[in-house]
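Each remark here refers to the structure printed beneath this line.
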Amino acid sequence: MSWKDICTPADEGGLGIRDFGDVQKALHMKLAWNLIQGKSLWAKFFGGKYVKGTHLLLLEPSKGTRFWKSIVRSIPEVLNSSKWVVREGNISFCLVGHQKASELYDYLARRKEGTDVLVWLRDTEGIFTTKSAWDCIRVRTPPLPWAQWIWHANLPTKISIMMWKATNNCLSVDDKIKIMGISMASKCNCCQEGHTEDL
1 MSWKDICTPA DEGGLGIRDF GDVQKALHMK LAWNLIQGKS LWAKFFGGKY VKGTHLLLLE
61 PSKGTRFWKS IVRSIPEVLN SSKWVVREGN ISFCLVGHQK ASELYDYLAR RKEGTDVLVW
121 LRDTEGIFTT KSAWDCIRVR TPPLPWAQWI WHANLPTKIS IMMWKATNNC LSVDDKIKIM
181 GISMASKCNC CQEGHTEDL
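Note that full-length UniProt numbering has the sequence shown beginning at 1, numbered continuously upward.
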């Protein structure tokens, strides 16, 4: 079984382990989110060092450190999954993205006092979380009906893992071990007969 298949949620047939590349990308998106909002000390420092008045969408991902390049590559993804709620109207209309003119007109017409707010569309409360970012970028597979039975709360974890291995044809029985090139004893010590296990 491949690492890619293991790194899916349990209800989709995996072990619920998150792929490190996806987690890292979600964390870069969190930093891009902070940079776009520009409120944190971190955002002000990196804004002064790398942005220097340039529009965030015009930053080149080929310049700067590897860390900075990853953040710059994450900015469009963050903006595609978020929306500005215009209040004072201080944001750049380039950052608003491709919202329709009528939507912008409605925002401006219903404008309330206060600062403009960036809302994360992947969360019901509009708050950015790395969990929702990870869920946004990961490759989804359809939920499997048998997963709820294998990972049932009343089953011991050891049994659940054995059942998961059997379902995915990766139990280490004699046939599988021989395919991997590991030599096996030709006879059983108890009954002195040659026999191989398989599923």
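A virtual CB, placed ideally from N, CA and C, is assigned to each residue, including glycine. These figures come from a predicted structure and were not determined experimentally.
Report all residues from its chain with a CB closer than 6 Å to the CB of residue i; omit the five preceding and five following residues, and keep chain order.
| i | result |
| --- | --- |
| LYS165 | LEU171 |
| SER132 | ARG122, ASP123 |
| ASP19 | CYS7 |
| ARG138 | ASP22 |
| CYS136 | SER81, ARG122 |
Taking the C-alpha atoms as reference points, what is the distance between residue i and residue j?
| i | j | result |
| --- | --- | --- |
| PHE45 | GLU125 | 28 Å |
| THR141 | SER2 | 15 Å |
| ILE177 | ASN169 | 12 Å |
| CYS7 | TRP134 | 12 Å |
| ILE127 | SER40 | 16 Å |
| LYS63 | LYS69 | 7 Å |
| TRP84 | ASP116 | 7 Å |
| LYS100 | ASN80 | Because LYS100 carries a pLDDT of 49, less than 50, the predicted location of this residue cannot be relied on, and the following value inherits that uncertainty. Taking the straight line from one Cα to the other gives about 14 Å. |
| ASP22 | GLU77 | 13 Å |
| LYS52 | ILE17 | 39 Å |
| CYS190 | SER183 | 19 Å |
| MET162 | GLY181 | 22 Å |
| THR167 | THR65 | 45 Å |
| THR157 | TRP146 | 16 Å |
| ASN154 | ILE179 | 34 Å |
| ASP5 | GLY114 | 46 Å |
| VAL72 | PRO61 | 6 Å |
| TYR50 | PHE67 | 12 Å |
So if DSSP puts residue i in a beta bridge, which residue, or which two residues, is it bridged to?
| i | result |
| --- | --- |
| TRP120 | SER82 |
List the endpoints of the continuous alpha helix (DSSP H) containing residue i.
| i | result |
| --- | --- |
| MET163 | 157-167 |
| GLY21 | 20-37 |
| LYS44 | 41-46 |
| ILE137 | 130-137 |
| ALA147 | 147-150 |
| ASP5 | 3-6 |
Near residue i, what residues of its chain come up, given a Cβ to Cβ distance below 8 Å and the 5 sequence neighbours on each side ignored?
| i | result |
| --- | --- |
| GLN37 | ALA43, LEU118 |
| VAL74 | This sequence places Ser at residue 74; Val is not what is there. Same-chain partners within the cutoff: LYS25, HIS28, MET29, LEU31, ALA32. |
| GLY48 | none |
| ASN34 | SER40, TRP42, ALA43 |
| SER160 | ILE150, TRP151, HIS152 |
| PRO143 | ASP11, GLU12 |
If you measure from the beta carbon of residue i to each beta carbon in chain D, is any gap under 8 Å?
| i | result |
| --- | --- |
| GLY47 | Among the protein chains of the structure shown there is no chain D, as only one such chain exists. |
Within the same chain, show all residues whose beta-carbon is closer than 7 Å to that of residue i, passing over the 5 residues directly before and after it, in chain order.
| i | result |
| --- | --- |
| GLY129 | Residue identity check: residue 129 is Thr in the sequence provided, not Gly. For THR129, where only same-chain residues beyond five positions count, the Cβ hits under 7 Å are ASP123. |
Measuring CB atoms only, is the segment 7-14 touching the segment 53-66, in the sense that at least three cross pairs come out at less than 8 Å? no
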